[in-house]
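Numbering (the working numbering), first residue to last: 618 to 917.
Glycine residues also receive a C-beta, built at the ideal position from the N, C-alpha and C atoms.
Please read these numbers as outputs of a predicted model, since none were measured by experiment.
See structure below.
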Amino acid sequence: MVRVRFAPSPTGHLHIGAARTALYNWLYARHYEGRFILRVEDTDISRSSQEMSEGIIKGLSWLGLDWDEGPVFQSKRLKFYQKKAEELVKRGAAYYCYCTPENRKASGQWQTRCACSSLSKEKIRHYEQQGLKKAVRFKVPGGEVRYKDMIHGTITTRSDNIEDFVLLRRDGLPTYHLSVVSDDIDQKITHVIRGDDHISNTPKQILVYKALGADIPRFAHMSLILGKDRKKLSKRHGETSVLEFRDKGFLPLAVVNFLAQMSWSPGKERIYSMEEMKEKFYLDRRSSGNPIFDLDKLEW
Numbered sequence: 618m619v620r621v622r623f624a625p626s627p628t629g630h631l632h633i634g635a636a637r638t639a640l641y642n643w644l645y646a647r648h649y650e651g652r653f654i655l656r657v658e659d660t661d662i663s664r665s666s667q668e669m670s671e672g673i674i675k676g677l678s679w680l681g682l683d684w685d686e687g688p689v690f691q692s693k694r695l696k697f698y699q700k701k702a703e704e705l706v707k708r709g710a711a712y713y714c715y716c717t718p719e720n721r722k723a724s725g726q727w728q729t730r731c732a733c734s735s736l737s738k739e740k741i742r743h744y745e746q747q748g749l750k751k752a753v754r755f756k757v758p759g760g761e762v763r764y765k766d767m768i769h770g771t772i773t774t775r776s777d778n779i780e781d782f783v784l785l786r787r788d789g790l791p792t793y794h795l796s797v798v799s800d801d802i803d804q805k806i807t808h809v810i811r812g813d814d815h816i817s818n819t820p821k822q823i824l825v826y827k828a829l830g831a832d833i834p835r836f837a838h839m840s841l842i843l844g845k846d847r848k849k850l851s852k853r854h855g856e857t858s859v860l861e862f863r864d865k866g867f868l869p870l871a872v873v874n875f876l877a878q879m880s881w882s883p884g885k886e887r888i889y890s891m892e893e894m895k896e897k898f899y900l901d902r903r904s905s906g907n908p909i910f911d912l913d914k915l916e917w
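Have a look at this one:
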């Protein structure tokens, strides 16, 4: 069964780009009679807020994007991620790092590998007795990471271009790579459909899937929405929050069609019902170019 997820971070409003990602995941799940999971990635405690979480949920509901499971809040699963980090250490796929960012930079180890990967048991015991805080780093193996993206085709990354990245910070909070993979495995996600700004994250996450002995989902990285000036979409390009469109009196179906047809062409009609979009949706019918945010097309 197809299982996809929409996993926003509640550090801001539900904007057009994230809403399109949610819509494509929802359409994919509904087309294949799968499951659409809502996950709130709120482990960035200092920047996340309950107000933003509620706004995202309201925005999805207004668009008509119902979910089958969730919302699952990552902030309530911290012990789960910590256990996953310890599991990776026991498997020999990760190690404790006692370095601070400052002393790593000063020692010239800032780029790829950390000296903590080869610490002796005695040295680790010494650091522990001193009460030094530690992070958990993934031990990147040699070779290359290769996968077939559903939109971009085969993508290959050499492992020596990937640093030994942090899984668990010194304060015990998980990084994105640990929490997202742990949840994808736990929630049995089969397809990851997201923006192509995540392409650089995917090799790291594939390594974590493998280290945990899990099946790797299929990836589809969509091109990002740009403003008419060909720059990354931002507030200066006009309304970008879904709830702003609601408050200005736009109809949900109009906004959904606007989002869907930015880089996907279901046919010759200008407006489609949700049922028609579910029936016609295929990822291979979308444009690989960056869609342009043009409010005139919504206001016609």
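Asked                                                                                                                            : Found
Chain-order list of residues whose beta-carbon lies under 6 Å from that of valine 872 (same chain, five-residue window excluded) : Phe862
Among Glu896, Gly651 and Gly812, the one whose alpha carbon lies nearest that of leucine 850                                     : Gly812
Boundaries of the beta strand (DSSP E) in which tyrosine 713 is found, first to last residue                                     : 711-714
Counted within 10 angstroms of its Cβ, other Cβ atoms place histidine 743 as buried (16 or more) or exposed                      : exposed
N- and C-terminal bounds of the beta strand (DSSP E) containing histidine 838                                                    : 835-839
Anticipated Cβ contact below 8 Å, threonine 819 with tyrosine 764, distance rounded                                              : 7 Å
CB-CB length for alanine 837 against isoleucine 772, believed under 8 Å                                                          : At roughly 12 Å, the Cβ-Cβ gap does not stay under 8 Å, so alanine 837 and isoleucine 772 are not in contact.
Nearest-angstrom beta carbon gap, glutamine 691 and histidine 777 [assumed within contact, 8 Å]                                  : Residue identity differs from the one stated: residue 777 is aspartate in this sequence, not histidine. Contact flag wrong, Cβ pair sits at about 31 Å.
Cutoff 7 Å; reference proline 627; Cβ partners in own chain excluding five residues on either side                               : Val657, Asp659, Ser665, Ser666, Met669, Ser670 and Ile673
Buried or exposed by the 16-neighbour rule on C-beta atoms within 10 Å, applied to arginine 694                                  : buried
Same chain only: Cβ atoms within 7 Å of proline 834, ignoring 5 sequence neighbours per side                                     : Asp801, Ile806, Thr807, His808 and Val809
Bridge partner(s) assigned by DSSP for aspartate 832                                                                             : Answer is none; aspartate 832 lacks a bridge partner.
Whole-number beta carbon distance between valine 783 and threonine 792, since they are thought to touch under 8 Å                : 5 Å
3 or more residues per run - each beta strand (DSSP E) lying fully within the stretch 787-819                                    : 808-812
From Glu892, Lys865, Thr638 and Lys827, residue whose alpha carbon lies closest to that of leucine 915                           : Lys865
Closest residue to glutamate 703 among Leu790, Ala636 and Gly760 (Cα-Cα distance)                                                : Leu790
Outcome for glutamine 746 when other beta-carbon atoms lying within 10 angstroms are tallied against a minimum of 16             : exposed
Continuous alpha helix (DSSP H) assignments of at least 4 residues falling wholly in the stretch 618-673                         : 633-648
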